[in-house]
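Chains F and H are the protein sequences, given in the same order.
Take 4 as the starting number for the first sequence in my numbering and just add one per residue.
Take 3 as the starting number for the second sequence in my numbering and just add one per residue.
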Amino acid sequence: RKEVEQDPGPFNVPEGATVAFNCTYSNSASQSFFWYRQDCRKEPKLLMSVYSSGNEDGRFTAQLNRASQYISLLIRDSKLSDSATYLCVVNMESNYQLIWGAGTKLIIKP
Amino acid sequence: EAGVTQFPSHSVIEKGQTVTLRCDPISGHDNLYWYRRVMGKEIKFLLHFVKESKQDESGMPNNRFLAERTGGTYSTLKVQPAELEDSGVYFCASSQVGTGGFNEQFFGPGTRLTVL
Numbered sequence: 004r005k006e007v008e009q010d011p012g013p014f015n016v017p018e019g020a021t022v023a024f025n026c027t028y029s030n031s032a033s034q035s036f037f038w039y040r041q042d043c044r045k046e047p048k049l050l051m052s053v054y055s056s057g058n059e060d061g062r063f064t065a066q067l068n069r070a071s072q073y074i075s076l077l078i079r080d081s082k083l084s085d086s087a088t089y090l091c092v093v094n095m096e097s098n099y100q101l102i103w104g105a106g107t108k109l110i111i112k113p
Numbered sequence: 003e004a005g006v007t008q009f010p011s012h013s014v015i016e017k018g019q020t021v022t023l024r025c026d027p028i029s030g031h032d033n034l035y036w037y038r039r040v041m042g043k044e045i046k047f048l049l050h051f052v053k054e055s056k057q058d059e060s061g062m063p064n065n066r067f068l069a070e071r072t073g074g075t076y077s078t079l080k081v082q083p084a085e086l087e088d089s090g091v092y093f094c095a096s097s098q099v100g101t102g103g104f105n106e107q108f109f110g111p112g113t114r115l116t117v118l
């Protein structure tokens with residue numbers, strides 16, 4: 004079983020729509036959670052950290068459910084520029100390793 | 003401020019040859035990481051330096067891989083001899099020393115390695 008599982012997609016979504024991605028992680032000792040964004044043939048970039056109480060950054064909302072070991076990302080009013088691969092990432096408190104999901108590809112269509 | 007830089011951006015070599023990848027972290031970042039993404043798979047951690055010391059090399063696949071960070075500045079990752087399964091994108095990242103909590107890792111553009 005993979006440590007971090009994501010639906011690979013692609014999710015084809017019309018511009019302006021709302022889209023949600025989910026991710027599950029297997030290690031209950033995971034302490035820190037993130038969503039990274041990766042554009043084609045580019046490096047991953049931190050989109051947002053995910054906090055237990057849930058957090059919002061503009062059109063993006065992240066949620067964490069520790070009991071179910073589940074993380075979500077919601078994108079509202081999607082833009083063409085949101086097209087990318089979204090990577091779910093976790094970290095153990097004991098080290099600095101980032102543990103990655105394989106990513107969910109999002110395509111926003113005009 | 004300059005970000006993490008990596009050299010070369012692409013490398014194509016034959017099986018059995020040696021390749022050395024270089025990473026220059028963001029100035030002042032003591033933490034330096036190497037990650038790898040093999041085609042169709044998720045990004046995987048290789049190792050972590052704090053200054054010139056290897057803090058965690060649990061992700062290094064085998065002894066054909068050698069990472070160094072002499073002087074605690076730039077780092078090199080040497081693959082010798084390269085095998086077909088070493089093909090992928092090698093990312094380097096750096097972060098500041100933590101004062102509590104997680105410090106964001108900033109990634110370089112990666113080196114795309116193809117072993118023929």
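Backbone N, C-alpha and C fix where the C-beta goes; we use that ideal spot for every residue, glycine too.
Contact under 8 Å by Cβ, residue i with residue j
{"i": "Gln-8(H)", "j": "Cys-94(H)", "result": "yes"}
{"i": "Lys-108(F)", "j": "Glu-18(F)", "result": "no"}
{"i": "Gly-90(H)", "j": "Arg-39(H)", "result": "yes"}
{"i": "Ala-84(H)", "j": "Val-21(H)", "result": "yes"}
{"i": "Gly-34(F)", "j": "Asn-94(F)", "result": "Correcting the residue identity first, residue 34(F) is Gln in this sequence and not Gly. Yes, Cβ-Cβ distance for Gln-34(F) and Asn-94(F) is below 8 Å."}
{"i": "Lys-17(H)", "j": "Val-117(H)", "result": "yes"}
{"i": "Gln-107(H)", "j": "Leu-101(F)", "result": "yes"}
{"i": "Asn-33(H)", "j": "His-50(H)", "result": "yes"}
{"i": "Glu-46(F)", "j": "Pro-111(H)", "result": "yes"}
{"i": "Tyr-28(F)", "j": "Gln-72(F)", "result": "yes"}
Per DSSP, cross-strand counterpart(s) of residue i
{"i": "Glu-70(H)", "result": "Thr-78(H)"}
{"i": "Tyr-99(F)", "result": "In the DSSP output, where bridge partners are listed per residue, Tyr-99(F) has none listed."}
{"i": "Ala-65(F)", "result": "Asn-58(F), Leu-76(F)"}
{"i": "Glu-8(F)", "result": "Thr-27(F)"}
{"i": "Arg-40(F)", "result": "Lys-48(F), Tyr-89(F)"}
{"i": "Asp-58(H)", "result": "His-50(H)"}
{"i": "Asn-15(F)", "result": "Ile-110(F)"}
{"i": "Val-53(F)", "result": "Phe-36(F)"}
Residue interval of the beta strand (DSSP E) (run including residue i)
{"i": "His-50(H)", "result": "45-52"}
{"i": "Cys-26(F)", "result": "22-28"}
{"i": "Cys-25(H)", "result": "21-26"}
{"i": "Lys-108(F)", "result": "107-112"}
{"i": "Gly-90(H)", "result": "90-97"}
{"i": "Val-14(H)", "result": "12-15"}
{"i": "Asn-33(H)", "result": "33-39"}
{"i": "Gln-8(H)", "result": "7-9"}
Cut-off 6 Å between Cβ atoms - residues of its own chain near residue i, not counting five sequence neighbours on either side
{"i": "Ser-84(F)", "result": "none"}
{"i": "Asn-105(H)", "result": "Ser-97, Gln-98"}
{"i": "Thr-129(F)", "result": "Here chain F covers residues 4 to 113 and nothing more, so residue 129(F) does not appear."}
{"i": "Ser-52(F)", "result": "Phe-37"}
Beta-carbon contacts of residue i that lie in its chain and below 8 Å, excluding the five residues immediately before and after
{"i": "Gly-57(F)", "result": "Thr-64, Ala-65, Gln-66, Leu-67"}
{"i": "Lys-46(H)", "result": "Tyr-37, Arg-38, Arg-39, Val-40, Gly-61"}
Proximal residues to residue i (C-beta, below 7 Å), its chain only, five neighbours per side dropped
{"i": "Cys-91(F)", "result": "Val-7, Gln-9, Cys-26, Trp-38, Ile-74, Gly-104"}
{"i": "Ile-111(F)", "result": "Val-16, Glu-18, Ser-81, Lys-82, Leu-83, Asp-85, Ser-86"}
{"i": "Leu-115(H)", "result": "Ser-13, Val-21, Asp-88, Ser-89, Gly-90, Tyr-92"}
Quiz item: Quick one, which residues of the stretch 57-84 of chain H are near chain F if we go by CB-CB under 9 Å, in chain order?
Solution: Hits within the stretch, in order: Gln-57, Asp-58, Ser-60, Gly-61.
Quiz item: In the stretch 95-109 of chain F, which residues sit with their C-beta less than 8 Å from some C-beta in chain H, listed in chain order?
Solution: Asn-98, Tyr-99, Gln-100, Leu-101, Ile-102, Trp-103, Gly-104, Ala-105, Gly-106
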